[in-house]
Amino acid sequence: MTLNKQILLDKIATKNATIAVLGLGYVGLPLAIAFAEKGFQTIGFDISRQAVKRLQSGCSTVMDMSDVRVQRMLACGLFDATNEEERLADADVFIICVPTPLNASHEPDVTSIRASVQSIQRQVKRAAVVSLESTTYPGCTKEMILEPLVNAGLVLDEELFVCFSPERIDPGNKMYQTENTPKVLGGVSEASIQLGTAIYEQIIDTVIPVSSTEVAEMSKLLENTFRCINIAFMNEMSLLCDRLNIDIWETLDAAETKPFGFMRFNPGPGVGGHCIPLDPMYLSWKAKQANFFSRFIETAQDINSNMPKEVVNKAVKLLNEARKAVNGSRVLLMGMSYKKDINDLRESPSLAIYEELKRLGAEVQYCDPYVASFLDKQNVRVYGEALSTVQFHQYDLVILLTNHSDFKMAEISEQAANLLDTRNMVKNSLPKVFA
Ligand SMILES: NC(=O)c1ccc[n+]([C@@H]2O[C@H](COP(=O)([O-])OP(=O)(O)OC[C@H]3O[C@@H](n4cnc5c(N)ncnc54)[C@H](O)[C@@H]3O)[C@@H](O)[C@H]2O)c1
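So in my numbering, the last one in the sequence shown is 438, and the numbering has no gaps at all.
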């Protein structure tokens, strides 16, 4: 065993390792707080001045992390948020949690990972572990982290240990959070796997080591692509059931009674968030590089991204049945975030539905207790109606898009003149509309 590896293992076991988390968003902040709460000196580094300012003043930047937990860790001095890259010089462990979006050509945009690695390269002062958590394509950890750092002169297994450990956080999930969600971890060497496992075992109940970073990278994409494809299948089935005049929800309830060989997924107005719409594209991009074309991924993306249009088509049809043109009709969207009880608007299908209805001339308003306002395509700030005062009967059509727990379905369905329910929120009542 190399001396540095032993020193790092000892530092981790005695909680004397300093952890730096790069990127303090949905993934990075809960992770940084989890390490601080376990007694590790934790530096949160983010390029957003606004986010750092908020955190320094004791305000959390994500819903799943309470202000109190941030304040407690700031007060005891175990956590600090900073924009100053030089602060990374104190770290023994670097965990990268920066965004991995798609560029304009729908290809992986790993510029934030590259920037993080450059920050580490400039600041690293001693033997260190670098772990990537951002979702990415198989091979990325080696290409984007290992190679540049080795080229900069760091010696693998002497001064550098590199892992990939995908984040599985499910925003809004009260049962599974950072600590109790099993975590897959792959390393570029045996020593990297050992060190990575030792680090994450400090905060995660179950760490699952795998033999390479590629397996860990692929496992994350496989999980989310599986979800994307199954949702797409249910979306397609919902369109078919609508055509056949069969209730998709009752059908799903029936199918779900099979105690084996069936796993339920639900249709909806489309997919959103930073993961399901994006991650499969990382995989299909990588597949194309190997001259392999994943028909499943392309088809699923096509179906899911068309769902907002299907919802609008249905809305137009329902208005037509009520002898109303969409142009000039008053439409209320219930729920803008992409899923229940959270405020995340990223890639939310509600935004696409809002834009399309506006384009068709509807007077569109929305109500979402988690989203006070949002910027539309024209960069105009749109403000929501308050749930406590909204008058459902004043709208020609109310569209239920996000199944927030605060929505009182009995009240909405009683008052709304015309209702389009994309999530089976008004259970077992007709018209049970989907698409
Ligand atoms: N949100 C989720 O539910 C989720 C779940 C699993 C995996 N992931 C993956 O985790 C990664 C992060 O996602 P997120 O949702 O936390 O993103 P986020 O946008 O909430 O947070 C990312 C943070 O990184 C900061 N940042 C950007 N470039 C930086 C840099 N060079 N140095 C330091 N900070 C930088 C941003 O300012 C931002 O605060 C992505 O790859 C995503 O696919 C997200």
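Even for Gly, the Cβ is constructed at its ideal location relative to N, Cα and C.
For residue j and residue i, the rounded distance between their alpha carbons
i: Ile116; j: Thr144; result: 9 Å
i: Phe167; j: Val30; result: 14 Å
i: Gly28; j: Val101; result: 8 Å
i: Leu335; j: Ser353; result: 11 Å
i: Lys223; j: Leu247; result: 36 Å
i: Phe201; j: Ala257; result: Checking the displayed sequence, the identity of residue 201 turns out to be Ala instead of Phe. Looking at the two C-alpha atoms, the distance is approximately 45 Å.
i: Asp344; j: Ser287; result: 31 Å
i: Gly142; j: Ser376; result: 39 Å
i: Ile172; j: Lys320; result: 38 Å
i: Ser416; j: Thr216; result: 50 Å
i: Arg298; j: Pro311; result: 22 Å
i: Thr139; j: Gln394; result: 45 Å
i: Trp252; j: Asn427; result: 7 Å
i: Leu11; j: Ile36; result: 21 Å
i: Glu170; j: Thr228; result: 15 Å
i: Tyr179; j: Arg75; result: 22 Å
i: Gln418; j: Ala20; result: 59 Å
i: Gly264; j: Arg125; result: 52 Å
i: Leu243; j: Asp250; result: 10 Å
i: Ser51; j: Asn323; result: 47 Å
i: Ser408; j: Glu204; result: 34 Å
i: Gln9; j: Gly175; result: 38 Å
i: Pro270; j: Asp371; result: 21 Å
i: Leu225; j: Pro33; result: 24 Å
i: Ala438; j: Pro262; result: Only weak support exists for where Ala438 lies, its pLDDT of 41 falling under 50; the coordinates are left without a value.
i: Phe38; j: Leu403; result: 39 Å
i: Gln292; j: Glu150; result: 20 Å
i: Leu152; j: Arg362; result: 49 Å
i: Gly190; j: Gly199; result: 7 Å
i: Leu423; j: Thr405; result: 12 Å
i: Glu259; j: Asn233; result: 14 Å
i: Pro111; j: Pro185; result: 26 Å
i: Leu433; j: Asn346; result: Note that Leu433 scores a pLDDT of 49, beneath 50, so its modelled location is shaky and nothing firm can be said.
i: Asp13; j: Lys128; result: 18 Å
Residue i versus the options, residue with shortest Cα-Cα distance
i: Ala303; options: Gly273, Gly199, Ala194; result: Gly273
i: Ile98; options: Asp49, Glu313, Gln53; result: Asp49
i: Ser391; options: Leu378, Met337, Asn421; result: Met337
i: Asp93; options: His109, Glu110, Arg362, Ser122; result: Ser122
i: Lys317; options: Ile356, Phe296, Ala293; result: Ile356
i: His277; options: Pro262, Gln126, Leu348, Gly61; result: Leu348
i: Leu81; options: Gln44, Pro111, Arg57; result: Gln44
i: Asn421; options: Asn406, Ala413, Ser408, Leu400; result: Leu400
i: Met240; options: Phe263, Glu226, Leu225, Arg267; result: Arg267
i: Ala389; options: Ser108, Glu182, Phe410, Phe295; result: Phe410
i: Glu414; options: His396, Thr85, Leu255; result: His396
i: Thr181; options: Asp83, Asp67, Pro151, Ala293; result: Asp67
i: Ile22; options: Asp83, Asn7, Thr254, Ala78; result: Asp83
i: Glu87; options: Gly26, Ala107, Asp112; result: Gly26
i: Lys327; options: Asn346, Ala365, Glu301, Glu350; result: Ala365
i: Asn309; options: Ala325, Asp282, Phe296, Gly275; result: Gly275
i: Glu350; options: Thr114, Val65, Leu281; result: Leu281
i: Glu301; options: His109, Asn382, Asp13; result: His109
Beta-carbon proximity check, residue i vs residue j, cutoff 7 Å
i: Lys329; j: Thr425; result: Residue identity check: residue 329 is Val in the sequence provided, not Lys. Not in contact: Val329 and Thr425 (Cβ atoms no closer than 7 Å).
i: Ile148; j: Ala235; result: no
i: Ile279; j: Cys231; result: yes
i: Val71; j: Gly47; result: no
i: Lys342; j: Glu358; result: no
i: Val132; j: Val96; result: yes
i: Ala219; j: Val187; result: yes
i: Ile206; j: Lys41; result: yes
i: Val55; j: Ser63; result: no
i: Ala130; j: Glu89; result: no
i: Val374; j: Ser332; result: no
i: Asp160; j: Ser119; result: no
i: Met412; j: Val385; result: no
i: Met284; j: Leu135; result: no
i: Ser60; j: Thr103; result: no
i: Gly387; j: Tyr398; result: no
i: Asp208; j: Asn238; result: no
i: Leu378; j: Val367; result: no
Below-7 Å beta-carbon distance, residue i vs any chain B residue
i: Phe295; result: No chain B is present in this structure, which holds just one protein chain.
Item checked: Whole runs of the alpha helix (DSSP H) within the stretch 345-404, excluding any shorter than 4 residues -> 352-362
Notebook entry, point to check: Which runs of the alpha helix (DSSP H) spanning at least 4 residues fall entirely within the stretch 150-180, listed in chain order?
Noted result: 150-154
Note to self: Which runs of the alpha helix (DSSP H) at least 4 residues long sit entirely within the stretch 204-259? Give them in chain order.
What the structure shows: 216-247, 251-258
Check: Which runs of the beta strand (DSSP E) spanning at least 3 residues fall entirely within the stretch 252-322, listed in chain order?
Finding: none
Checklist line | 4-residue-minimum alpha helix (DSSP H) runs that sit fully inside the stretch 110-138, ordered along the chain | finding: 114-126
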